[in-house]
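Read in order, the letters of the sequence shown correspond to residues 2 to 426 in my numbering. The beta-carbon is built from N, C-alpha and C at its ideal position, and this holds for glycine as well. The structure under discussion appears below in the form of structure tokens.
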Amino acid sequence: MINENAAVDNRMPWRFLLALFFGQIANVMTIVVPMMLLLTFKFMEITPDSVKENFGMTAGFSTIAVIILSPVLASIADKTRNKFGRRRTWILAGGFLGGLMLIAVNFATKVWMVVVLWCLVQVLYSVVANSIFALVPEQIPEARRGIVSGAMGVFAPASVMLGMTIMMSMADAALLIKWAIVAGIGFVAAMLVCILVKEKPLVEKVEDNKNTSVFTQIIKFYPSPRKYPSFTWGFITRFLQFLATSNMTFSTIYLIEKFHMTESEVTAKMGVLAMAGNVCFAVASIGSGWLSDKLQKQKIFVIAAAVGVGVGPLVLVFASSFTEVLISNLISGIAGGVYLSVDMALITRILPNKEDFAKDASIMNIASSLPNSITGFVAPPLIAAGGFPLFYAIFSCFAFLSALAVLPIPEMKKRESLPMNEIKC
Numbered sequence: 002m003i004n005e006n007a008a009v010d011n012r013m014p015w016r017f018l019l020a021l022f023f024g025q026i027a028n029v030m031t032i033v034v035p036m037m038l039l040l041t042f043k044f045m046e047i048t049p050d051s052v053k054e055n056f057g058m059t060a061g062f063s064t065i066a067v068i069i070l071s072p073v074l075a076s077i078a079d080k081t082r083n084k085f086g087r088r089r090t091w092i093l094a095g096g097f098l099g100g101l102m103l104i105a106v107n108f109a110t111k112v113w114m115v116v117v118l119w120c121l122v123q124v125l126y127s128v129v130a131n132s133i134f135a136l137v138p139e140q141i142p143e144a145r146r147g148i149v150s151g152a153m154g155v156f157a158p159a160s161v162m163l164g165m166t167i168m169m170s171m172a173d174a175a176l177l178i179k180w181a182i183v184a185g186i187g188f189v190a191a192m193l194v195c196i197l198v199k200e201k202p203l204v205e206k207v208e209d210n211k212n213t214s215v216f217t218q219i220i221k222f223y224p225s226p227r228k229y230p231s232f233t234w235g236f237i238t239r240f241l242q243f244l245a246t247s248n249m250t251f252s253t254i255y256l257i258e259k260f261h262m263t264e265s266e267v268t269a270k271m272g273v274l275a276m277a278g279n280v281c282f283a284v285a286s287i288g289s290g291w292l293s294d295k296l297q298k299q300k301i302f303v304i305a306a307a308v309g310v311g312v313g314p315l316v317l318v319f320a321s322s323f324t325e326v327l328i329s330n331l332i333s334g335i336a337g338g339v340y341l342s343v344d345m346a347l348i349t350r351i352l353p354n355k356e357d358f359a360k361d362a363s364i365m366n367i368a369s370s371l372p373n374s375i376t377g378f379v380a381p382p383l384i385a386a387g388g389f390p391l392f393y394a395i396f397s398c399f400a401f402l403s404a405l406a407v408l409p410i411p412e413m414k415k416r417e418s419l420p421m422n423e424i425k426c
């Protein structure tokens with residue numbers, strides 16, 4: 002066991018927040034921008050007649066790779082011991098190797114090459130993401146984690162906006178340059194995280210030997226649904242919510258097929274959608290998080306967000322112009338911000354045991370990762386059977402179901418708010 006206790010520092014962790022901003026660039030922008038644009042362009046280059054199928058297959062297999070390999074690499078990272086720091090070591094290594102794999106995707110000439118390389122990209126950047134996430138409880142006192150979590154929710158869309166702005170400014174550039182720019186920015190951001198973060202020394206403690214069989218450990222891995230029903234309902238709610246929003250990974254293909262856009266045109270339009278949606282996301286996230294704490298309510302925000310996430314894609318079912326696509330995107334952005342403003346607070350509240358926090362949190366992360374894999378595999382046949390209207394209509398239903406799944410979870414208990422004069426900055 003690792004003892005990382007330190008004196009609580011109630012000052013605003015500005016240096017750490019800046020590190021988190023660069024961290025989100027290193028692990029969000031490097032994945033989202035290629036998913037929104039570059040992968041589609043790559044498949045248009047090597048397999049123009051089966052872009053949807055190959056994009057979906059790649060997204061599906063890469064998510065499976067992350068689900069299987071990410072926990073293994075995270076466990077290895079936890080056991081890393083060197084003077085540079087276990088988190089910084091993996092942030093830097095993941096950023097460097099992930100960048101190399103991003104550039105390598107450009108030179109792939111076969112679909113299987115793209116699939117393998119993109120799986121490596123996803124796995125390597127998941128190591129970066131896990132290491133950055135682990136820094137929060139290791140370096141930030143519990144009283145400050147709410148502020149830090151809220152900041153991370155704003156930094157993620159900000160990093161996407163940055164990436165899309167860069168892509169818009171170089172819409173006519175060669176695809177290789179675009180891959181290289183994303184990879185380079187990701188690596189520089191990872192280096193800046195390592196410069197800004199100062200890891201605390203680790204002190205080893207001797208653990209008691211637990212002669213528990215592998216079978217028993219597997220059985221106990223998932224908290225008992227009968228003993229902890231809220232955990233399972235929380236998992237289902239999160240899974241359905243992220244499944245509903247995963248339809249957005251096909252936005253680029255939708256614009257190309259629906260409005261017959263060129264590569265330059267779709268880059269510009271996706272940039273507009275990303276910026277508009279992410280601004281709405283950030284504003285809604287900050288406002289809803291504050292209001293949730295003020296009202297001491299969480300479920301009503303999840304329900305409202307679920308309705309919004311469901312309505313957004315329904316607009317696309319009847320869309321005949323880009324204006325309607327933009328309206329759909331704004332609705333989804335607001336709803337997504339409302340949901341994520343309370344998602345982390347709700348999930349951490351229903352985790353069964355503090356001793357198993359990391360393990361149970363990793364299970365909840367499966368609920369947000371698995372939908373991308375499912376969507377990647379089921380979207381192409383759905384679109385082939387009924388076009389994008391059928392695809393968006395079905396995924397809207399998942400959002401409405403998530404509003405029902407949250408109902409059995411007890412609401413948060415009333416507590417007194419912290420007086421403003423006790424909050425130090």
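M271 sits in a helix when the DSSP states are folded into three classes. Counting the other CB atoms within 10 Å of its CB gives L125 a total of 16 or more, which places it among the buried residues. Residue burial is scored here from C-beta neighbours: D50 has fewer than 16 other C-beta atoms within 10 angstroms and is therefore classed as exposed. Distance from the CA of R88 to the CA of A307, rounded to the nearest whole angstrom, comes to 35 Å. Assignment of D294 by DSSP, reduced to helix, strand and coil, places it in the helix class. Annotation for A269: M169 and A172 place their beta carbon closer than 7 Å to its own, counting only its chain and skipping 5 residues before and after. For F302, the closest alpha carbon among the candidates L40, I257, A245 and S403 is that of S403.
Pairing A75 with A135 gives a Cβ-Cβ distance under 9 Å. By the CB criterion at 9 Å, M45 and E264 fall inside the cutoff. When secondary structure is reduced to three states using DSSP, D50 falls in the coil class, being assigned neither helix nor strand.
A distance below 9 Å separates the beta carbons of Q25 and S160. Contact between V128 and W91 holds, with the beta-carbon distance rounding to 5 Å and staying under 8 Å.
If the five residues before and after I348 are omitted, its C-beta is found closer than 8 Å to the C-beta atoms of G235, R239, A362 and M365, all from its own chain and listed in chain order.
With distances taken between CA atoms, G337 lies nearest to F282 out of L163, L274 and F282. In the three-state DSSP reduction, G86 falls in the coil class, being neither helix nor strand.
Across the set Y340, N107 and I254, the C-alpha of Y340 shows the shortest separation from the C-alpha of V284. Short of 6 Å from the beta carbon of L315, and not among the five residues preceding or following it, lie these beta carbons of its own chain, in chain order: S397. Taking every protein chain shown into account, the CB of T59 has 16 or more other CB atoms within 10 angstroms, so this residue is buried. Within the segment 156-191, no run of alpha helix (DSSP H) at least 4 residues long lies entirely inside it. A residue is called buried once 16 or more other Cβ atoms fall within 10 Å of its Cβ, and A78 is buried on that count.
Shown here, P353 sits in coil according to DSSP, grouped into three states, outside any helix or strand. Following the DSSP letters along the chain, one finds T246 inside the alpha helix (DSSP H) bounded by residues P230 to T246. Taking C-alpha positions only, I104 is separated from E258 by approximately 27 Å. Secondary structure at M249: helix, using DSSP grouped into helix, strand and coil.
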